[in-house]
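First comes the structure, then the notes that go with it.
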Amino acid sequence: MRKLSSLLLIFLLGSLSDLDAQRLIERSMILNPLAHPSVDIKGDDYAWFTQVGGWASFGSYGLYGDDNHQWYQHLGAYVEMYRRGDHSSIAVTTQIEFIADPHNDINFSPRAIFWEEGIVYSRRIRNSFLQFGYYHRCKHDIDNLEIGEERAMVFGSFLTRFIVPFSIGSRDDALLALQYDQYTITWERRIPSEFDGISYEWSELFSSLKLNIAWQRSIGTNTNLHLDGYSMGTFLKDDFLMNGKVRAEIGTSSDIGDVRFGVHMEHLGDSGISVRPTAVTLLGVGIRIMSAGSIR
């Protein structure tokens, strides 16, 4: 427990420095279709369309943030297209991150939406997992003609992810994932045009490296305490930039899925929303629902 707490503290302290990185929707979660407990294919047998999973979260940034963040909603799904035994998997995934600001009568004004679509190949290597894939990502503003600005981005990457279960207090109660992205598509447009070229440009993205750690402990029948966090560094043409997050949740688990309620703190050196790149530290509270095992 002390080891994990120290690692998460390092994540948070590192992320609060004056550094920046892009906003990936899956940045604070680990997706591994091979870990879903309901799919069991023996030996080298294979099957098609073996499982469907997903996640959803909803919460408020009202505790601390900026004028662009009031509420958030995440929706994601994956379909495992092919499975061979318990060692190989091909899945497709899509997700959105919706951000609302407080600037209307009900404190729920649409502000920005981030999209991702990807394909992931997973391979079990003894007790660990190796993944390869490609993700297409984009961000678009919503109803922002009223405020006279727009910031749109498109970027995609080939990724490699290595997932390692390990033990802190009990067997395999923790999970570590190291992910490397090599960007192949990088584009950004800012309106009004005088904001183009201010600070760094996401069109200069080169690669990124992300580390996730997740830990859970049973505190009652079907009730768990969850701690997790991530730290992410991004390489641009002339800069090295970072993000980070820590989260604590209490949730219930079943064969169908997990339901968790908790708090988190995240620093984004660039929120990806304002036409003038702006850092933000967000303290939020929310609920998450996710498929059992395959999402941590």
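Here this note's numbering is used: position 181 in the sequence shown is 181, and no number is missing along the way.
Glycine is no exception: its CB is placed at the ideal position from the N, C-alpha and C atoms.
Quantities reported herein were computed from a predicted structural model and do not represent experimental measurements.
In or out: E228 buried (at least 16 other Cβ within 10 Å) or exposed?
Correcting the residue type first, residue 228 is Asp in the shown sequence and not Glu. Buried is the call here.
Would you kindly report the start and end of the unbroken beta strand (DSSP E) that includes W71?
71 to 84
Three Cβ pairs or more, each shorter than 8 Å: is that satisfied between the stretch 22 to 41 and the stretch 100 to 108?
no
For a quick check, are the C-beta atoms of R83 and A47 less than 8 Å apart?
yes
List the endpoints of the continuous beta strand (DSSP E) containing H226.
223 to 236
Proximity winner among P165, I41, L211, F240, relative to E201 (alpha-carbon distances):
F240
Alpha-carbon to alpha-carbon, I106 and S122:
43 Å
Determine the closest residue to S275 out of I213, I191, R23, with distance taken between C-alpha atoms.
Note on residue identity: the sequence assigns Val, not Ser, to residue 275. If we check each option's Cα against that of V275, I191 comes out closest.
Okay, do the stretch 38 to 55 and the stretch 69 to 82 touch, 3+ Cβ pairs below 8 Å being the bar?
yes
Local Cβ density within 10 Å of E266, reported as buried at 16 or more and exposed below that
buried
Please state the DSSP three-state secondary structure of G14.
In this predicted model, G14 has a pLDDT of only 42, less than 50, meaning its place in the structure is not dependable enough to derive any value.
Taking only the alpha-carbon atoms, compute the straight-line gap between I213 and D173 and give it to the nearest angstrom.
11 Å
Can you give the Cα-Cα distance for E321 and G59, rounded to whole angstroms?
It is not possible to answer for residue 321, since the shown part of the chain is limited to 1 through 296.
Quick one: using the 10 Å Cβ neighbour count with 16 as the cut-off for buried, is V285 buried or exposed?
exposed
Which residue from G156, Y180, F108, N224 puts its Cα closest to that of T186?
G156
Would you call the stretch 124 to 138 and the stretch 157 to 172 in contact, with 3 or more CB pairs under 8 Å?
yes
Return the chain-ordered list of same chain residues with a C-beta closer than 6 Å to the C-beta of E204, the five sequence neighbours on each side being excluded.
L236, K237
R305 versus F166, M153, I250, S294, residue with shortest Cα-Cα distance
Absent from the structure is residue 305, since the part of the chain shown begins at 1 and ends at 296.
Once you ignore the five residues that flank I250 on each side, which residues in its own chain have a CB closer than 8 Å to its CB?
I219, T223, N224, L225, H226, R260, F261, G262
Determine the contact status of S207 and Q182, defining contact as a CB-CB distance below 8 Å.
yes
Report all residues from its chain with a CB closer than 8 Å to the CB of D40; omit the five preceding and five following residues, and keep chain order.
D86
With which residues is E97 paired in a DSSP beta bridge?
H74, F114
Find the nearest neighbour of T221 within the set A292, S253, K139, N127, judged by alpha-carbon distance.
S253
For the beta strand (DSSP E) containing P277, name the first residue and the last one.
Counting along the chain, P277 falls outside any beta strand (DSSP E), and DSSP gives it neither H nor E.
Three-state secondary structure (DSSP) of I287:
strand
With 16 other Cβ atoms within 10 Å as the buried cut-off, status of K139:
buried
K3, DSSP secondary structure in three states
Caution is warranted here: a pLDDT of 46 is assigned to K3, below 50, making its placement in the model unreliable, and the coordinate value is therefore given only provisionally. Helix, per DSSP.
Suppose you measure from the CA of I90 to the CA of G62; what does that come to, to the nearest Å?
39 Å
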